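Asker: Before anything else, here's the structure in question.
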Amino acid sequence: MSHPSRRRQRLLLWLPILLALPLIIFFLLPVDRIVATGMVEDDAFYYLKVASHVAAGHGSTFDGIDRTNGYHPLWLTLLVPIYFLLGARLDLAFRIACLLGVTLFLAADWVALGLLRRIFHELAPTALGVVFFAFLTFFSSSQAMETAPVLFLTNLILLMLASRDSLGIDADARSEWGLGALLSLVFLARLDMVFLGVAVGIALVARWLRERWSVKRFFTKTTRLFLPCLLLPAPYLAWNWMCFGHLVPISGTLKSSFPQVGPHLYVLKSIGPHVIFSLGVGAVVLIAQGCRAVGVGNAHSGSTRERAFSALAILALSVFLQLTYAVLFEKWGFAHWQVAPSFILGAVGVGWIQERFAWTFLPRISAERLRSFSGLFIVLATAVALGWGSWKRLGAYDPNSFYLGEWRAARWAKERLPNDAVLAAKSDAGLFSYFSGLKVLNINDGLVNDFDYQAAVSRKLLGRHLISKGVRWILLSVDPDNVYQGKLRFRARAYLYDSESEDVEVNLQEAIYRSDSFSVGWGSGRMFLAIVPFVSRGGPDTAESGLPLKN
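Numbering (my numbering), first residue to last: 168 to 718.
Following this line, the structure appears as structure tokens:
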């Protein structure tokens, strides 16, 4: 087969833009239309809220009261300038943050295209791989979260390993320092990408043992690769330790059962069919290519294609290590976007299948006819990706969705409650806190609180803790089946100690806000939102409702 023309290759650059265009238009729609689809997860608003506080000079805080480190630092760093420039224009800042994520996804797609070009010399498998990867990044990924920089940096690392033998004995110092810097940045983008660094380290040791380098050369190379991995994250890790007593964010600490071993099999159910497909087809391709997960080709004798497949083997090893750790130690909260780097394995797998199909049928039909069939299939795949993504994801407007209900409650609270109001949220707190512009303590899971909150809940002092923070109202997600005589009892959970708070009772008949009911995928299947008074005007130590029940 002959190489495609440069003109056709340049057309590939437009494929990611074509698939990104509906998402760009989508984020220009009215905000209620955006949030109603669920394209932006509630977790994303934790980032946006903290970034707005940092930009305003309030420090690293979600609720405006206590400090938190419950986020991955690189994405937050990218968001802060947006809020520094736009200030209190929250709707516009929200759109810009989402579009920044789309831009990084688009950059990740272009880097993926560069990697696919080094694997496939023909247009069709490269194009199909790009369509697959772009579809997953734009329509099956979490928007306005850390996934975008993670995918961009991961693909850069893979492209670097494919383009030059950075782990070989003859690699230059610039290549080694550069790879180390990229590994440190992807770690700061998402901390569990540390397993990619571990996989690279395993590959490096394997090369040393197989090729019998001198100890001096191995030490020099290891220093250049991993010294940046220590130095660049060091200030962030030191801040975590000095301010919070833990190296990792509170969100990671609360989810971990380490050193107690699971297994936590829910992890395998959480990754989703798109990740399962990517991992499965990627494994088949790597096995078929004969790549070893601990090697990176044969130094300069390996072709670019061989180095690319070996780089993918390192990525596959890192995902395997990450999933193994999660099954053993991540007791709750694992989400599919944590293994989004596996998308590139699926993209290569799709292209590889098309390549094998073409090689099988080429002796039977003319090359021109095969190119025509392949072109038609690419057009069809692109149309399906655009149609399904635009209709099923971007067009999935539900006037009774939970996200839209929280947005309406937030708008109501912003208009009706005092500007200095403090609320607690026994519901997803991110979206409500962001659009209300109020101080909101998250008592649903505590992922963006401090460790004092965990201690108070564990000691069954939740009520006192809320009063001490000045909480006057509670936002509740209410399952009607749990309401008895107009009252609701609930508990908060201290995930750090695997314990619960005292029972807290609220009187829903005193609610100052109550939404219509909407469908959810848990409990009775129906739910409504309510805002209930908590602390009375009589003094800081009394309460109208929400007092802890006495034993």
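Idealized CB from N, CA, C, for every residue including glycine.
None of the values given here were measured: they were computed from a predicted structure.
Give the DSSP bridge partners of Arg-660, in chain order.
Answerer: Within the sequence shown, numbered from 1, the residue matching residue 660 stands at position 493. Answer by DSSP bridge pairing, in chain order: Glu-667.
Asker: In angstroms with no decimal places, state the Cα-to-Cα distance between Arg-626 and Ala-329.
Answerer: In the sequence shown, the residue the question calls residue 626 occupies position 459. In the sequence shown, the residue the question calls residue 329 occupies position 162. A straight-line Cα-Cα distance of about 54 Å links Arg-626 and Ala-329.
Asker: DSSP on Asp-618, reduced to helix/strand/coil?
Answerer: The sequence position of residue 618 within the sequence shown is 451, counting from 1. A small fix is needed here, since residue 618 is Phe in this sequence, not Asp. Of the three classes helix, strand and coil, the one that applies to Phe-618 here is helix, per DSSP.
Asker: What would DSSP say about Val-589, mapped onto helix, strand or coil?
Answerer: As a position in the sequence shown, residue 589 is number 422, starting the count at 1. DSSP places Val-589 in strand when its eight states are reduced to three.
Asker: Assign Phe-501 to one of three DSSP states: helix, strand, or coil.
Answerer: Working through the sequence shown from its first residue, we reach residue 501 at position 334. Here Phe-501 sits in coil by DSSP.
Asker: What is the DSSP secondary structure of Trp-519, reduced to helix, strand or coil?
Answerer: Walking along the sequence shown from the start, residue 519 turns up at place 352. If DSSP states are grouped into helix, strand and coil, Trp-519 belongs with the helices.
Asker: Quick check: the Cα distance between Ile-443 and Gln-521, rounded to an integer number of angstroms?
Answerer: One-based indexing of the sequence shown puts residue 443 at position 276. One-based indexing of the sequence shown puts residue 521 at position 354. C-alpha separation (whole angstroms): 19 Å.
Asker: Assess contact between the region 497-515 and the region 445-454, defined as three or more Cβ pairs (one per stretch) separated by less than 8 Å. Is contact present?
Answerer: yes
Asker: Given 8 Å as the limit, is there contact between the region 497-508 and the region 376-388, that is, 3 or more CB pairs closer than that?
Answerer: no
Asker: Could you give the residue range of the beta strand (DSSP E) that holds Trp-640?
Answerer: To locate residue 640, count along the sequence shown from 1; it is residue 473. Unbroken beta strand (DSSP E) run through Trp-640: 640-645.
Asker: Does the beta-carbon distance from Lys-422 to Glu-473 come in below 8 Å?
Answerer: Counting from one through the sequence shown, the residue named residue 422 turns up at place 255. Counting from one through the sequence shown, the residue named residue 473 turns up at place 306. Going by C-beta atoms, Lys-422 is not nearer than 8 Å to Glu-473.
Asker: What residue range is occupied by the uninterrupted alpha helix (DSSP H) comprising Asn-407?
Answerer: In the sequence shown, the residue the question calls residue 407 occupies position 240. Its alpha helix (DSSP H) spans residues 401-411.
Asker: With a cut-off of 8 Å, do at least 3 Cβ pairs link the region 590-603 to the region 573-581?
Answerer: The answer is yes - the region 573-581 touches the region 590-603, with three or more Cβ pairs under 8 Å.
Asker: Helix, strand or coil for Asn-322 per DSSP?
Answerer: Walking along the sequence shown from the start, residue 322 turns up at place 155. Helix, per DSSP.
Asker: Let me make sure I understand the geometry here. Which of Leu-488, Tyr-213 and Ala-264 has the alpha-carbon closest to that of Leu-195?
Answerer: Here residue 195 refers to the residue found at position 28 of the sequence shown. It is Ala-264.
Asker: Short of 7 Å in beta carbon distance, which residues of its chain neighbour Lys-559, apart from the five on each side in sequence? Order them along the chain.
Answerer: As a working mapping, residue 559 is identified with position 392 in the sequence shown. If we look at Lys-559 and ignore the five residues flanking it on each side, it has no Cβ neighbours.
Asker: Quick check: is any heavy atom of the ligand NAD less than 7 Å from the C-beta of Phe-306?
Answerer: The ligand content of the structure shown is nil, which means the ligand NAD is not present either.
Asker: For Arg-384, which of Ala-311, Gly-630 and Leu-371 has the nearest alpha-carbon?
Answerer: The sequence position of residue 384 within the sequence shown is 217, counting from 1. Arg-384 has its Cα closest to that of Leu-371, out of Ala-311, Gly-630 and Leu-371.
Asker: For my contact list, Phe-272 and Leu-318 are in at a C-beta cut-off of 8 Å; report their separation, rounded to the angstrom.
Answerer: Position 105 of the sequence shown, counted from the start, is the residue given in the question as residue 272. Position 151 of the sequence shown, counted from the start, is the residue given in the question as residue 318. Correct: roughly 7 Å between the Cβ atoms.
Asker: For Leu-655, which beta-bridge partners are listed by DSSP?
Answerer: Counting from 1 along the sequence shown, the entry for residue 655 is found at position 488. According to DSSP, which records beta bridges pairwise, Leu-655 is partnered with Val-650 and Val-673.
Asker: Excluding sequence positions up to five away, which residues of its chain have a Cβ less than 8 Å from the Cβ of Asn-465?
Answerer: Here residue 465 refers to the residue found at position 298 of the sequence shown. Note that Asn-465 scores a pLDDT of 44, beneath 50, so its modelled location is shaky; the value from the coordinates is reported in the next line. Within the same chain, Asn-465 has close Cβ partners Glu-473.
Asker: Where are the alpha helix (DSSP H) runs, 4 residues long or more, that stay fully inside the region 347-433, in chain order?
Answerer: 361-378, 382-398, 401-411 and 417-422
Asker: Near Val-463, which residues of its chain fall below 6 Å by C-beta distance, leaving aside the five closest residues on each side in sequence?
Answerer: Numbered from its first residue, the sequence shown carries residue 463 at position 296. Unreliable placement is indicated for Val-463, whose pLDDT of 42 sits below 50; the coordinate value is still reported in the next sentence. So the qualifying residues of the chain are Leu-334, Ala-370 and Ser-477.
Asker: May I ask you to report which of helix, strand or coil DSSP gives Lys-216?
Answerer: By one-based count along the sequence shown, residue 216 stands at place 49. Correct three-state label for Lys-216: helix.
Asker: Note the first and the last residue of the continuous beta strand (DSSP E) segment covering Pro-700.
Answerer: Translated into the one-based positions of the sequence shown, residue 700 becomes position 533. From DSSP, the beta strand (DSSP E) with Pro-700 extends over 693-700.
Asker: Just curious, the beta strand (DSSP E) that Leu-584 is in, first and last residue?
Answerer: One-based indexing of the sequence shown puts residue 584 at position 417. Looking at the DSSP string, Leu-584 is not in any beta strand (DSSP E), and its letter there is neither H nor E.
Asker: Kindly indicate which three-state DSSP category Phe-287 falls into: helix, strand or coil?
Answerer: Along the sequence shown, read from residue 1 onward, the residue named residue 287 stands at position 120. Three-state DSSP puts Phe-287 in coil, outside helix and strand.
Asker: If you follow the beta strand (DSSP E) that Leu-561 is in, where does it begin and where does it stop?
Answerer: If you number the sequence shown from 1, residue 561 lands on position 394. Neither: Leu-561 is in no beta strand (DSSP E) and is coded neither H nor E.
Asker: Classify Pro-585: buried if its beta carbon has 16 or more other beta carbons within 10 angstroms, exposed otherwise.
Answerer: By 1-based counting over the sequence shown, the position of residue 585 is 418. Looking at its Cβ environment, which holds fewer than 16 other Cβ atoms inside 10 Å, Pro-585 is exposed.
Asker: Going by beta-carbon coordinates alone, are His-431 and Val-494 separated by less than 8 Å?
Answerer: The residue given as residue 431 occupies position 264 in the sequence shown. The residue given as residue 494 occupies position 327 in the sequence shown. It is a contact, given that the beta carbons lie within the stated cut-off.
Asker: Is it a yes or a no for the region 683-702 touching the region 640-657, going by three-plus beta-carbon pairs under 8 Å?
Answerer: yes
Asker: Which value, in whole angstroms, describes the spacing of the CA atoms of Phe-362 and Leu-325?
Answerer: Stepping through the sequence shown from its first residue, residue 362 is reached at position 195. Stepping through the sequence shown from its first residue, residue 325 is reached at position 158. One C-alpha to the other measures close to 14 Å.
Asker: Where does Arg-174 sit, in a helix, a strand or coil, going by DSSP?
Answerer: Position 7 of the sequence shown, counted from the start, is the residue given in the question as residue 174. In this structure, Arg-174 counts as helix in the three-state DSSP scheme.
Asker: Between Leu-608 and Glu-669, how many whole angstroms is the CB-CB distance? I'm expecting something under 8 Å.
Answerer: Locating residue 608 in the sequence shown gives position 441, where the first residue counts as 1. Locating residue 669 in the sequence shown gives position 502, where the first residue counts as 1. Cβ-Cβ separation between Leu-608 and Glu-669: approximately 17 Å, too far for a contact (criterion under 8 Å).
Asker: For Ala-338, collect the residues of the same chain with a Cβ closer than 8 Å to its Cβ; drop the 5 residues on either side in sequence, then sort them by chain order.
Answerer: As a working note, residue 338 is residue 171 in the sequence shown. Correct list, in chain order: Arg-331, Asp-332 and Lys-388.
Asker: Tell me which residues share the same chain as Leu-490 and place their Cβ nearer than 8 Å to its Cβ, disregarding the 5 neighbours each side in the sequence.
Answerer: For the purposes of this step, residue 490 is taken as residue 323 along the sequence shown, with counting starting at 1. Correct list, in chain order: Val-434, Leu-435, Ile-438 and Val-506.
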